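Under this note's numbering, the residues of the sequence shown are numbered 6 to 217, in order.
Here's the structure we're looking at; comments come further down.
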Amino acid sequence: MIKNTLDTHKAQRFYDLVGKRYDWFEYFESRAKDQAIKMLDLTPGKKILNVGVGTGVQQAQIESDIKPDGIAIGLDISPVMLNLARSRSSSPLCRADTRHLPFADSCYDCLYAAYILDLIPLGEIPAILKQFSRVLRQGGRMVLLALTEGVDVPSRAVVGAWKIVYNLSPMLCGGCRPLTLTELVQETGFKIISRQVVVQLAIPSEIITAIK
Ligand SMILES: C[S@@+](CC[C@H](N)C(=O)[O-])C[C@H]1O[C@@H](n2cnc3c(N)ncnc32)[C@H](O)[C@@H]1O
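Set out below in structure tokens:
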């Protein structure tokens, strides 16, 4: 049983400290992120919310996919991350907690959330998915990306070791632990159209694409 003790304030302090160093995670996450952005199926004019925008590497890519008249909003709890995202994109950015999205109902065509739900205590995820559903229009597309359980010998070994370290101190893993999102997403009323697991350097990432 994995315990989870990373609250919002700890997450903010941690990601303020990590800042630009989070780009090193591209070595483990870039392939899954590229695939997840493809799954968004973005076209010019779309309005998309990127929850947990981080350092802004993917925000720049998303922005270019919806040019010239789309809008990509980046949301994050960490002012340091928002400053980094500002330096890499011209998107409107918003400092907020993913638990309370400060947007009207049904105002986005797409929502992208990468490696943020795996920081959130399990019991809080259904309410956050409901927030995601609330801000998406009917038929809108959501792509979620998270660390997940291993699917082959190396990734199972890494995830096994990861859980041991996480149980000693969640902060040693950046508060991130493996998740399997399918059921939680279905229970929120989304229709899942694909589930993929991408392994990069033995780190497995789950990509869920779902429609409201
Ligand atoms: C693991 S990083 C992932 C960043 C980016 N999505 C990526 O894939 O590179 C998690 C991001 O979520 C932000 N975050 C963590 N908890 C949050 C919360 N409760 N609300 C909003 N943002 C949060 C962190 O500040 C950090 O920028």
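Ideal Cβ positions, reconstructed from N, Cα and C, are used throughout, including at glycine.
Note that the structure is predicted; figures quoted are calculated from it, not measured.
Could you check how far apart the C-beta atoms of residue i and residue j are, in whole angstroms? I think they sit under 8 angstroms.
i: ALA41; j: ILE212; result: 5 angstroms
i: LYS43; j: LEU141; result: Incorrect: roughly 19 angstroms between the Cβ atoms, too far for contact.
i: LEU177; j: THR153; result: Contact flag wrong, Cβ pair sits at about 19 angstroms.
i: GLY79; j: ASN55; result: 5 angstroms
i: VAL62; j: ARG91; result: Not confirmed; about 13 angstroms, so no contact.
i: GLY57; j: ALA119; result: 7 angstroms
i: ASP110; j: ARG139; result: 5 angstroms
Which residues does DSSP list as the beta-bridge partners of residue i?
i: LEU152; result: SER210
i: LYS52; result: ILE76
i: VAL58; result: VAL58 is not bridged to any residue.
i: LEU134; result: None, per the DSSP bridge assignment.
i: ILE197; result: ALA215
i: ARG100; result: ASP81
i: ARG146; result: CYS115 and ILE216
i: GLN218; result: As displayed, the chain neither begins before 6 nor continues past 217, which places residue 218 out of reach and without an answer.
i: LEU141; result: TYR113
Report the residue from the options whose alpha carbon sits nearest the alpha carbon of residue i.
i: PRO159; options: LEU177, LEU206, ILE216 and LEU152; result: LEU206
i: TYR113; options: ARG182, LEU47 and VAL164; result: LEU47
i: VAL204; options: VAL148, VAL23, TYR171 and PHE33; result: PHE33
i: HIS14; options: GLU129, SER83 and GLY24; result: SER83
i: LYS135; options: LEU127, GLU192 and SER94; result: GLU192
i: LEU149; options: TRP29, LEU173 and ILE198; result: ILE198
i: TRP167; options: CYS181, TYR20 and ARG36; result: CYS181
i: ASP81; options: VAL164, LYS52 and GLY59; result: GLY59
i: THR214; options: VAL85, ALA37 and GLN17; result: ALA37
i: ASP157; options: VAL202, ASP12 and LYS51; result: VAL202
i: LEU22; options: SER35, VAL85 and ASP12; result: VAL85
i: GLY194; options: GLY155, PHE137 and ARG200; result: PHE137
i: GLY50; options: ILE71, SER35 and ILE67; result: ILE71
Express the C-alpha separation of residue j and residue i in angstroms, rounding to a whole number.
i: VAL170; j: LEU124; result: 15 angstroms
i: ILE7; j: ILE133; result: Here the model assigns ILE7 a pLDDT of 49, short of 50, so the residue's position is not dependable and the matter cannot be decided.
i: GLU31; j: TYR117; result: 17 angstroms
i: ASP102; j: GLY24; result: 17 angstroms
i: LEU89; j: LEU122; result: 21 angstroms
i: LEU189; j: TYR27; result: 27 angstroms
i: LEU106; j: ALA162; result: 36 angstroms
i: PRO73; j: ILE130; result: 34 angstroms
i: LEU87; j: GLN143; result: 29 angstroms
i: LEU186; j: SER95; result: 31 angstroms
i: PRO209; j: TYR20; result: 22 angstroms
i: TRP29; j: ASP39; result: 16 angstroms
i: PHE108; j: LEU173; result: 37 angstroms
i: ALA77; j: PRO97; result: 7 angstroms
i: ALA16; j: GLY165; result: 23 angstroms
i: LEU127; j: SER69; result: 34 angstroms
i: CYS115; j: LYS196; result: 14 angstroms
i: ARG18; j: CYS99; result: 17 angstroms
i: PRO175; j: ASP12; result: 11 angstroms
i: LEU52; j: ARG104; result: The identity of residue 52 in the sequence shown is Lys, whereas the question assumes Leu. Each residue's Cα considered, the two are about 20 angstroms apart.
Verify the CB distance criterion: does residue i have a CB-CB separation below 8 angstroms to chain D?
i: SER138; result: The structure shown contains no chain D; it holds only a single protein chain.
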